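For the record, the sequence lines run as chains V and H. With the first sequence counted from 1, adding 605 to any position gets you my numbering. With the second sequence counted from 1, adding 605 to any position gets you my numbering. Single-structure report; data block below.
2 protein chains.
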Amino acid sequence: MSTIFIPKHIHPTYSNTVFNDCLLFHDMTPHELDRLENYAEQSKCEEGEYLFRQDTPADFVYNVISGSVAIERIFTNGRRQIIGFLFPGDFIGLTHSPNYDCAVRCLTKVEFYKFSRKRLNTLSEEVGHLKQNMEQIKSAIFSRVMEQLYVLGQKKALERLCFLFMQLLERLPGARADRVELYMSRQDMADYLGLTIETVSRCLAKLKSDGLVAFPKLNHLQILNLPAVSELAEC
Amino acid sequence: MSTIFIPKHIHPTYSNTVFNDCLLFHDMTPHELDRLENYAEQSKCEEGEYLFRQDTPADFVYNVISGSVAIERIFTNGRRQIIGFLFPGDFIGLTHSPNYDCAVRCLTKVEFYKFSRKRLNTLSEEVGHLKQNMEQIKSAIFSRVMEQLYVLGQKKALERLCFLFMQLLERLPGARADRVELYMSRQDMADYLGLTIETVSRCLAKLKSDGLVAFPKLNHLQILNLPAVSELAEC
DNA sequence: CGTTACGTTGATGATATTCAAGGACTGTGG
DNA sequence: CCACAGTCCTTGAATATCATCAACGTAACG
């Protein structure tokens, strides 16, 4: 049954081919999906655990079914840079190098499909659609990283936070302006945006006091003034 | 004659497979190189000209023979982020998207090979080595961008400049600690490192007064205290 | 010799970091 | 149910860092 391979999280309501990576399955015939299915193994991981660590063999490719993860890089001096957050539908580990160059930490309990990278590559040689789609996903990832480069290089703390909010709103399946779940800690936001945790906290307070956002709960964001937040986030 | 395809700039003295992208030609047989040769066209471009602009059709892949270029992205607000600098041996335009997502400006007069991307892709389907090499180059590029992310996110102005210096020293063919040619303007450095031109200028003055570097000419850098500069640049 | 583009330097203010203290939430054991 | 510890978050004050605005040098070129 190839339908197993169109998981709920890529249902049209969620499917945003620009921001989520579900398009691995795009345009594939039922037969092709069947073959892909044989390569997958479903599994899960608890909050705080690592799917994999930096510099370990890059043997698998993951597709998030539910939950959120952070992609992080640790440097020799011990400082950490978070490269991005991934959500249901996103792919992880589509690297070409023999080892992962990032670690992947679960922000929540995470369910995922796990593919042998070797076999996926073999299959992609035979199934044109798959290959195309993998390339496009890599393209999208690269494009996101370049956007982040700009944000870190040019934007102020308040704007960076708004950028994160807009990104979450666009990429989190089921997120709406009045309900965006922040699965990451303040420290995670700081490490993603190149700020300190105190600056993040202060900026959240400022955005709140200016009436742009609200926090009914600590990690439950409401965007009250979407045009303003979007304006600040603008690239 | 396939030897045309082992241009001078990838002669062993220069060839650094980690930092330069010459490895497109790695492990290829003379016959394969012959075929590649048929796909190439040699050309040049003057200082200040653009090889191509952002959002134009990505029809070609370029390989720099001599000179330096800057990869830049312009955003809606008019601000510019330089993604990187490329030098002899480096490849440009290895994107998968239909349009270039960056512009490429020549910092000097630039000689290059120009390949039809379509034909290069076709060839890479048949020539395993070529395909492998292209993937590895993309990997290296991605890895550089992630390093830059870290620099912009976590490092101070002085450290960013040292990072640039070390990068130039490693990637510029023929560069030595006592002779690194800075082909870019102060503004280019600023846009690369996420700083203003004034901050760049002040930091250069500080590094100079601290005896870490010298500038016999405005764009001719000497690294006097390599361990110290390297230490500051450290990731 | 003047113009122009690019680079430097100074004074000032904005922005973010650091260090330190105090709250808020969670889970555990009494 | 409460007390307690531990973790995460917030807030304040002092400081460091960088950006901005403005003036001044300098090198290249007609």
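Positions of the beta carbon are idealized from the N, C-alpha and C atoms, including for glycine. The structure displayed is predicted, hence computed values, not measured ones.
Boundaries (first-last residue) of the beta strand (DSSP E) holding residue i
| i | result |
| --- | --- |
| G689 of chain H | R685 to L691 |
| F665 of chain H | F665 to S671 |
| F657 of chain V | Y655 to F657 |
Residue i - partner residues in DSSP beta bridges
| i | result |
| --- | --- |
| K822 of chain V | V:H825 |
| C711 of chain V | V:V674 |
| P662 of chain H | H:N704 |
| C605 of chain V | Because chain V spans 606 through 840 in this model, residue 605 of chain V falls outside it and cannot be assessed. |
| Q647 of chain V | V:Y718 |
| F696 of chain V | V:N668 |
| R784 of chain V | V:R781 |
Segment limits, alpha helix (DSSP H) that includes residue i
| i | result |
| --- | --- |
| N830 of chain V | Element bounds for N830 of chain V: n/a, residue is neither H nor E. |
| R776 of chain V | A762 to R776 |
| S790 of chain V | First-last for S790 of chain V: undefined, no H or E at that position. |
| C808 of chain V | I802 to S814 |
Exercise for review: Could you tell me whether the stretch 643 to 657 of chain V touches the stretch 713 to 731 of chain V, using the rule of 3 or more Cβ pairs below 8 Å?
Suggested key: yes
Exercise for review: Name, going along the chain, the residues of the stretch 741 to 756 of chain V whose beta-carbon falls closer than 8 Å to a beta-carbon of chain H.
Suggested key: Cβ contacts with chain H: Q741, K743, S744, F747, S748, V750, M751, Q753, L754 and Y755.
**Study point:** Residues of the stretch 664 to 698 of chain V whose Cβ lies closer than 8 Å to any Cβ of chain H, in chain order
**Key:** Per Cβ criterion, the list reads R678, F680, T681, N682, R684, Q686 and I688.
Exercise for review: Jot down the residue ranges of each uninterrupted alpha helix (DSSP H) in the stretch 703 to 748 of chain H, minimum 4 residues, whole runs only, in chain order.
Suggested key: Taking 4 residues as the shortest admissible run, the stretch 703 to 748 of chain H contains the following complete alpha helix (DSSP H) segments, listed from N- to C-terminal end: 722 to 731.
Review point. Between the stretch 699 to 725 of chain V and chain H, which residues of the former have CB atoms less than 8 Å from a CB of the latter, in chain order?
Key: Within the stretch 699 to 725 of chain V, the qualifying residues are T700, H701, S702, D706 and C707.
Review point. Along the stretch 760 to 779 of chain V, what residues have a CB closer than 7 Å to any CB found in chain H?
Key: Answer set for the stretch 760 to 779 of chain V: empty.
Exercise for review: Decide yes or no for the touch test of the stretch 796 to 807 of chain V against the stretch 727 to 735 of chain V: beta carbon pairs closer than 8 Å, at least 3 of them.
Suggested key: No, the stretch 796 to 807 of chain V is not in contact with the stretch 727 to 735 of chain V.
Exercise for review: Would you be able to state if there are at least three C-beta pairs under 8 Å between the stretch 778 to 786 of chain H and the stretch 744 to 755 of chain H?
Suggested key: The stretch 744 to 755 of chain H vs the stretch 778 to 786 of chain H: no contact.
Point to revise | Residues from the stretch 798 to 814 of chain V in contact with chain H, defined by Cβ distance under 9 Å | key: L798, G799 and L800
**Study point:** Members of the stretch 636 to 654 of chain V that neighbour chain H once the beta carbon cut-off is set at 8 Å
**Key:** For the stretch 636 to 654 of chain V, which is checked against every Cβ of chain H, not one residue is closer than 8 Å.
Review point. Are the stretch 688 to 697 of chain V and the stretch 651 to 671 of chain V touching, with three or more C-beta to C-beta distances below 8 Å?
Key: Short answer: they touch.
Review point. Within the chosen definition, does the stretch 703 to 716 of chain H reach the stretch 825 to 835 of chain H through at least 3 CB pairs nearer than 8 Å?
Key: no
**Study point:** At least 3 beta-carbon pairs within less than 8 Å: the stretch 757 to 764 of chain H vs the stretch 802 to 817 of chain H
**Key:** yes
Point to revise | Contact between the stretch 651 to 658 of chain H and the stretch 681 to 695 of chain H (3+ Cβ pairs under 8 Å) | key: Verdict: no, contact absent.
Exercise for review: Please list the residues of the stretch 820 to 840 of chain H that have a C-beta atom closer than 8 Å to any C-beta atom in chain V, keeping them in chain order.
Suggested key: Those would be E839 and C840, in chain order.
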